[in-house]
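Q: One structure is given below, represented as structure tokens, and several questions about it will come after.
Numbering (this note's numbering), first residue to last: 489 to 814.
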């Protein structure tokens with residue numbers, strides 16, 4: 489039988505107790521856990537994606553005009569549609585490598601460096617814009633660091649895009665150079681995957697942020713990726729706050745992608761829109777479910793596999809060039 493807390497006896501005895509000792513019974517309120525909510529959202533996204541795929545397959549089977557249109561589209565579009573989806577899933581899992589994996593894949597398909605970098609930067613505008621908006625709402629952007637990075641970063645990106653576009657006629661020679669760069673990035677990703685995080689080195693903060701921004705923007709435009717790998721890694725290794733560094737680098741990436749794309753669009757003679765469209769749609773389809781699915785696989789495992797693949801494909805391009813020269 490439960491005691492009557494409002495009875496005269498209980499009230500009298502409770503008056504003699506110190507305030508800190510008086511505790512009223514509290515009925516716990518049960519709410520759904522955050523993990524179950526996240527799991528439900530992930531299931532909803534997967535079901536919606538499955539319905540979309542089924543609807544497209546059914547339309548392809550029933551509608552003759554739609555089938556003829558799909559068959560008339562260049563196969564390159566479908567290759568990069570699948571590639572964009574996979575690379576966006578990888579990027580959602582480890583927060584990097586979309587640019588380097590996309591560029592490496594494009595180079596392996598025989599696409600010139602100018603067209604590869606242009607397509608990657610065009611496809612990054614939408615995803616980077618959404619990422620910048622999310623980080624702004626979460627207050628992950630350091631305004632001072634943002635301005636120190638954005639102005640020299642844009643300058644380096646525009647210069648890199650201009651030089652790469654000017655050398656479009658020499659793509660057979662610039663391709664192995666870009667492959668050498670992606671080889672270095674692949675080695676960097678592989679090193680991060682096997683490094684013991686408990687022994688992470690933290691050096692002094694980088695003082696010349698503008699130099700880092702200019703160099704990162706230039707290399708990113710020439711190589712088709714690497715802004716996050718170079719700039720973000722350098723900032724965190726220098727002891728800066730990882731959360732604000734990530735948010736600031738993602739935000740600046742949006743503007744760098746826009747200016748690089750405009751430069752490529754103005755200077756480059758050929759833009760492979762089938763590649764751009766494939767990467768944009770593929771990455772957009774992966775964006776909602778990337779974080780839901782990819783977190784189940786250890787990030788280090790994904791980074792290790794990505795590093796190995798990028799290194800092997802880059803080596804293949806370099807060896808092919810050397811065999812032609814020799």
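Cβ atoms here follow ideal geometry from the backbone N, Cα and C, with glycine treated the same way.
Candidates 550, 610 and 733: which alpha carbon is nearest residue 744's?
A: Residue numbering aside, residue 744 sits at position 256 when the chain shown is read from its first letter. Cα-wise, what sits closest to residue 744 is 610.
Q: Tell me which residues share the same chain as residue 623 and place their Cβ nearer than 7 Å to its Cβ, disregarding the 5 neighbours each side in the sequence.
A: Taking the first residue of the chain shown as position 1, residue 623 is located at position 135. Cβ within range, chain order: 629, 735, 738 and 739.
Q: At 4 residues or longer, and completely inside the segment 595-642: list those alpha helix (DSSP H) runs for me, N to C.
A: Segments of the alpha helix (DSSP H) lying fully in the segment 595-642: 601-625.
Q: Taking all protein chains shown into account, decide if residue 625 is buried (16 or more other Cβ within 10 angstroms of its Cβ) or exposed.
A: In the chain shown, residue 625 corresponds to position 137, counting from 1. So residue 625 counts as exposed.
Q: Would the beta-carbon of residue 636 fall within 8 Å of that of residue 701?
A: On the chain shown, residue 636 is found 148 positions in, with the first residue counted as 1. On the chain shown, residue 701 is found 213 positions in, with the first residue counted as 1. Yes.
Q: Our contact map puts residue 752 next to residue 606 with C-beta atoms below 8 Å; I'd like the distance itself, whole angstroms only.
A: For the purposes of this step, residue 752 is taken as residue 264 along the chain shown, with counting starting at 1. For the purposes of this step, residue 606 is taken as residue 118 along the chain shown, with counting starting at 1. Confirmed, about 4 Å.
Q: Taking 8 Å as the cut-off, decide whether the C-beta atoms of residue 651 and residue 719 are in contact.
A: As a working note, residue 651 is residue 163 in the chain shown. As a working note, residue 719 is residue 231 in the chain shown. No, the pair does not count as a contact, with Cβ atoms beyond the cut-off.
Q: Are residue 806 and residue 667 touching if we call contact CB-CB under 8 Å?
A: Within the chain shown, numbered from 1, the residue matching residue 806 stands at position 318. Within the chain shown, numbered from 1, the residue matching residue 667 stands at position 179. Cβ distance < 8 Å, so residue 806 and residue 667 count as in contact.
Q: Taking Cβ positions, are residue 817 and residue 578 nearer each other than 8 Å?
A: Residue 817 cannot be examined here, being either before or after the span of the chain that is shown, 489 to 814.
Q: Evaluate residue 821 with the Cβ neighbour count: other Cβ atoms within 10 Å of its Cβ, from every protein chain shown; 16 or more gives buried, anything less gives exposed.
A: For residue 821 there is no data in the structure shown, the boundaries of the chain being 489 and 814.
Q: For the candidate residues 809, 539, 761 and 678, whose alpha-carbon lies nearest to that of residue 799?
A: Within the chain shown, numbered from 1, the residue matching residue 799 stands at position 311. Comparing Cα-Cα distances from residue 799 to each of 809, 539, 761 and 678, the minimum goes to 678.
Q: Which residues bound the alpha helix (DSSP H) around residue 730?
A: Here the question's residue 730 lines up with position 242 in the chain shown. Residues 730-755.
Q: Taking the C-alpha atoms as reference points, what is the distance between residue 803 and residue 550?
A: Here residue 803 is taken as the residue at index 315 of the chain shown, counted from 1. Here residue 550 is taken as the residue at index 62 of the chain shown, counted from 1. Going by the C-alpha atoms only, they are around 45 Å apart.
Q: Confirm, please, whether the CB-CB distance from residue 705 to residue 644 is below 8 Å.
A: As a first step, residue 644 must be located in the chain shown, where it is residue number 156. As a first step, residue 705 must be located in the chain shown, where it is residue number 217. Yes, they are a contact pair.
Q: Pick from 653, 548, 554 and 570: whose alpha carbon is nearest that of residue 603?
A: One-based indexing of the chain shown puts residue 603 at position 115. Answer by Cα proximity: 653.
Q: Helix, strand or coil, according to DSSP, for residue 561 in the structure here?
A: The residue you call residue 561 lines up with position 73 of the chain shown. Looking at residue 561 - three-state DSSP - the assignment turns out to be coil, as it is neither helix nor strand.
Q: Within the continuous alpha helix (DSSP H) that includes residue 698, where are the two ends?
A: As a working note, residue 698 is residue 210 in the chain shown. First-last of the alpha helix (DSSP H) with residue 698: 697-711.
Q: Could you tell me the alpha carbon to alpha carbon distance between residue 574 and residue 553, rounded to whole angstroms?
A: As a working mapping, residue 574 is identified with position 86 in the chain shown. As a working mapping, residue 553 is identified with position 65 in the chain shown. Roughly 29 Å separates the two Cα atoms.
Q: Let me know the secondary structure DSSP gives residue 683 once reduced to three states.
A: Looking up residue 683 in the chain shown gives position 195. Note: residue 683 maps to coil in three-state DSSP.
Q: What three-state label does DSSP hand residue 569 in the structure shown?
A: As a working note, residue 569 is residue 81 in the chain shown. Here residue 569 sits in helix by DSSP.
Q: Just mark residue 676 as buried or exposed, buried being the case when its beta carbon has 16 or more other beta carbons within 10 Å.
A: Here the question's residue 676 lines up with position 188 in the chain shown. Buried.
Q: Would you call the CB atoms of residue 724 and residue 714 closer than 8 Å?
A: Residue numbering aside, residue 724 sits at position 236 when the chain shown is read from its first letter. Residue numbering aside, residue 714 sits at position 226 when the chain shown is read from its first letter. Not a contact, by the Cβ cut-off of 8 Å.
Q: What three-state label does DSSP hand residue 552 in the structure shown?
A: Position 64 of the chain shown, counting from 1, holds the residue named residue 552. Residue 552: helix per DSSP, three-state reduction.
Q: Considering just the uninterrupted stretch of the alpha helix (DSSP H) at residue 723, what are its terminal residues?
A: Stepping through the chain shown from its first residue, residue 723 is reached at position 235. Looking at the DSSP string, the run of the alpha helix (DSSP H) that includes residue 723 is 721-725.
Q: Secondary structure at residue 655, three-state DSSP: helix, strand or coil?
A: Position 167 of the chain shown holds residue 655. Residue 655: coil per DSSP, three-state reduction.
Q: Would you please state the rounded distance, in angstroms, between the beta carbons of residue 712 and residue 608? I believe it to be under 8 Å.
A: Walking along the chain shown from the start, residue 712 turns up at place 224. Walking along the chain shown from the start, residue 608 turns up at place 120. That belief holds up - the Cβ atoms of residue 712 and residue 608 are roughly 5 Å apart, short of 8 Å.
Q: Would DSSP call residue 802 helix, strand or coil?
A: One-based indexing of the chain shown puts residue 802 at position 314. Residue state, collapsed to three classes: helix.
Q: Who are the near neighbours of residue 761 in its chain, counting only those whose CB is closer than 8 Å to its CB and skipping five residues on each side?
A: Position 273 of the chain shown, counting from 1, holds the residue named residue 761. If we look at residue 761 and ignore the five residues flanking it on each side, it has no Cβ neighbours.
Q: Less than 8 Å between the beta carbons of residue 742 and residue 620, yes or no?
A: Within the chain shown, the letter at position 254 stands for residue 742. Within the chain shown, the letter at position 132 stands for residue 620. Cβ atoms of residue 742 and residue 620: closer than 8 Å.
Q: Counting C-beta neighbours from all protein chains within 10 Å, is the total for residue 627 16 or more, i.e. buried, or is it exposed?
A: Sequence index remark: in the chain shown, residue 627 carries index 139 (1-based). Under this definition residue 627 is an exposed residue.
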